[in-house]
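See below for the structure under consideration.
Residue numbers (this note's numbering), protein chains in the order written: chain A, 2 to 314; chain B, 199 to 493.
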């Protein structure tokens, strides 16, 4: 068990190394002159040289790699081309809203989607099931930002019950925080909910056919206990897996959602970085988000043993 | 006598023809027909865009700007007075071209890499480490990073969306190859002296096609959405090409006074993705023989 945990943690190192190398080589393998593309159409003659020097592109490639890895090891993600501030500082400033939105969305989606999926499986073939499945398919089909605008238009412009945009930190009070984060959470959560509900339904449906479920029923157990205690518990491994894998979806969505609701988080930082073609910032954001994704899935892998004692390593 | 008997037994067990199976599937999967129909409608709309009572999607008309949907402009006009209906109809072209190209390119490249990975242990170790790393970068962020380094064009958008989709295809093909190469028919072929290439392309590859087609439809759906995200974030197709993502990106600042600008392209996009997804679900049930048997 202990060796497994250590092995699993060590296994994230090559994955992150590939991410780092990929992000590194992307800038070097890009077609044309990346310094010229980053400088943009209105670049002054000196700009391209300055950017090339700032990105270290005027050094031999091996030297570049060694310098880049050395800096990363010290937690240095470079300096923004546009604002000249360290990327770690920029990311640190924008971390809180993104973290808050991601967490509220995860809670919102899991709390609603898992019971929806269980209910659909329990009542398979009925209208309840159909409704959940229609939701699960439709939830995948709408672009996140479009849903966001639809919600803003309905609840903020027409009904005027919620603020249109913006973000209030939880330190400014729980009520304003919730008011501001409600619509972004629903917007971002729908895709994630659709994914979780779909997998929950499928895995609970499979477990419901098992012999031990019939045994539990024939013992005269309360059907509700069988459903939530026996069925959901045994179906939990794929559900937890998809919650982890779906975080990738959430990360992509959070960038778009923040942009819709003018939330000053990492997503907005990304959009600003795109606008200025600020590659060091984009690079830093990718590394942070990929690390978060790898970490979440590490935690998911480690919870398997808690959820299902049959799993031994 | 003996031949007659075996004949009599063999007949009822004969496989139904493909045409019959297809008709039966269509009857049993109304949602697949609905999905396919939606997609077909969008494809026809894109092809025959000039005949769909459209005007020039780029034509500026400052007097008619931000008009609500009415008889002259079915979907209203945007802040430059351009006709949203025409832009939406023409926008279908870009979204569908991007979706289809990404789907074909990523399944094609993923299949080649997956076949190599499934058959060569040394290559497998390297390829799978690279794919694991690639998969840990969220697709949209990877596409954004690539677009930041390339000029905005439809071709580059296709490249930027294709690369993040490849690892999923590679994983699928590799898993299929690993199980297929242990099958008796592959053993039989190699016992008969079939060459490596023949086994690969005559025996293994055809068996990966059905799951790949299903995967390809899902990739197409996600590519259409990612294209819209990229355009929305300002890292997508250039502003002079009307795509659904572009139209909505331009309309975002006018949500409160001109909601129709983003409403209609969004509906079209949602129906297209819905259509592709429903078709994918139907194809999965049809092409995956294990599930199809249970029908």
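Quick reminder that beta carbons are idealized off the backbone N, C-alpha and C, glycines included.
Open item on the list: Using only CA atoms, which one of 22(A), 52(A) and 165(A) lies nearest to residue 66(A)?
Closed with: Just measuring C-alpha positions, the residue of 22(A), 52(A) and 165(A) sitting nearest residue 66(A) is 22(A).
Open item on the list: If we define contact as Cβ-Cβ less than 8 Å, is residue 423(B) a contact residue for chain A?
Closed with: For residue 423(B), the nearest CB of chain A lies under 8 Å from its own CB, placing it at the interface with that chain.
TODO: Apply the 10 Å Cβ neighbour rule to residue 191(A) and answer buried if 16 or more other Cβ atoms are within range, or exposed otherwise.
DONE: Under a 10 Å Cβ-count criterion, residue 191(A) is classified as buried, with 16 or more other Cβ atoms of the shown protein chains found around its own Cβ.
TODO: Taking residue 228(B) as part of the alpha helix (DSSP H), name the residues at either end of that continuous run.
DONE: 228 to 245 is the extent of the alpha helix (DSSP H) around residue 228(B).
Task: 6 Å Cβ shell around residue 237(A) - same chain, five flanking residues per side excluded - done: Around residue 237(A): 308.
TODO: Can you have a look at residue 442(B) and say buried or exposed, based on whether 16 or more other CB atoms are within 10 angstroms of its CB?
DONE: That one is buried.
- [ ] Return the chain-ordered list of same chain residues with a C-beta closer than 8 Å to the C-beta of residue 477(B), the five sequence neighbours on each side being excluded.
- [x] Cβ neighbours of residue 477(B) beyond the five flanking positions: 230, 233, 234, 237 and 415.
- [ ] Could you spell out the range, first to last residue, of the alpha helix (DSSP H) harbouring residue 275(B)?
- [x] Taken as a continuous stretch (DSSP letters only), residue 275(B) belongs to no alpha helix (DSSP H), as it is neither H nor E.
Open item on the list: Given this structure, state the Cα-to-Cα distance separating residue 227(A) from residue 131(A), to the nearest angstrom.
Closed with: Approximately 23 Å, taken between the alpha carbons.
Task: Every unbroken alpha helix (DSSP H) inside the segment 321 to 399 of chain B [4 residues or more] - done: Within the segment 321 to 399 of chain B, the runs of alpha helix (DSSP H) at least 4 residues long that lie entirely inside it are, in chain order, 337 to 347, 352 to 378 and 382 to 389.
Open item on the list: Just verifying my parser: in three-state terms, what is the DSSP assignment at residue 216(B)?
Closed with: Reduced to three states, the DSSP call for residue 216(B) is helix.
- [ ] With 8 Å as the threshold, decide whether the Cβ of residue 10(A) is near any Cβ in chain B.
- [x] Interface flag for residue 10(A) against chain B is unset, since no Cβ pair is found closer than 8 Å.
- [ ] In angstroms with no decimal places, state the Cα-to-Cα distance between residue 247(B) and residue 418(B).
- [x] Cα to Cα, the separation comes out at about 21 Å.
Open item on the list: Going residue by residue through the segment 277 to 305 of chain B, where are the continuous beta strand (DSSP E) segments of at least 3 residues, counting only ones entirely within it?
Closed with: As far as the segment 277 to 305 of chain B is concerned, it has no whole beta strand (DSSP E) run of at least 3 residues.
- [ ] Compare the C-beta of residue 480(B) against all C-beta atoms of chain A and say whether one is closer than 8 Å.
- [x] Judged by the 8 Å Cβ criterion, residue 480(B) is not in contact with chain A.
TODO: Quick one: grab the DSSP three-state call for residue 87(A).
DONE: Three-state result, residue 87(A): strand.
Open item on the list: Given this structure, state the Cα-to-Cα distance separating residue 117(A) from residue 125(A), to the nearest angstrom.
Closed with: Roughly 12 Å separates the two Cα atoms.
Task: Spatial neighbours of residue 292(A) in its chain, beta-carbon cut-off 7 Å, leaving aside the 5 residues before and after - done: 17, listed in sequence order.
Task: chain B contacts from the segment 145 to 172 of chain A (Cβ-Cβ distance under 7 Å) - done: Here the close residues are 146, 147, 150, 153, 154 and 158.
- [ ] Verify whether the separation of the beta carbon atoms of residue 342(B) and residue 428(B) is less than 8 Å.
- [x] Yes, the Cβ-Cβ distance between residue 342(B) and residue 428(B) is below 8 Å.
TODO: Anything in the segment 457 to 473 of chain B with a Cβ closer than 7 Å to a Cβ of chain A? List those residues in chain order, please.
DONE: Residues 457, 460, 464, 467, 468, 471 and 472.
Open item on the list: What does the Cβ neighbour count give for residue 353(A), buried or exposed, with the cut at 16 atoms within 10 Å?
Closed with: Lying before the first or after the last residue shown, residue 353(A) is absent from chain A, which here runs from 2 to 314.
Open item on the list: Suppose you measure from the CA of residue 108(A) to the CA of residue 395(B); what does that come to, to the nearest Å?
Closed with: Roughly 51 Å between the two C-alpha positions.
Open item on the list: Just to confirm, is the Cβ distance from residue 38(A) to residue 326(B) under 8 Å?
Closed with: Between residue 38(A) and residue 326(B), the C-beta gap is not smaller than 8 Å, which leaves the two residues out of contact.
TODO: Could you tell me if the beta carbon of residue 422(B) falls within a distance shorter than 7 Å of some heavy atom in the ligand COA?
DONE: The ligand COA is absent from the structure shown, which contains no ligands of any kind.
- [ ] Mind checking the segment 238 to 271 of chain A against chain B and listing, in chain order, the residues whose C-beta falls within less than 7 Å of any C-beta there?
- [x] Close to chain B, meaning a Cβ-Cβ distance shorter than 7 Å, are the following residues of the segment 238 to 271 of chain A: 249, 252, 253, 256, 257, 260 and 271.
Task: First through last residue of the alpha helix (DSSP H) which encompasses residue 304(A) - done: It spans 280 to 308 - the alpha helix (DSSP H) in which residue 304(A) sits, taken as one unbroken run.
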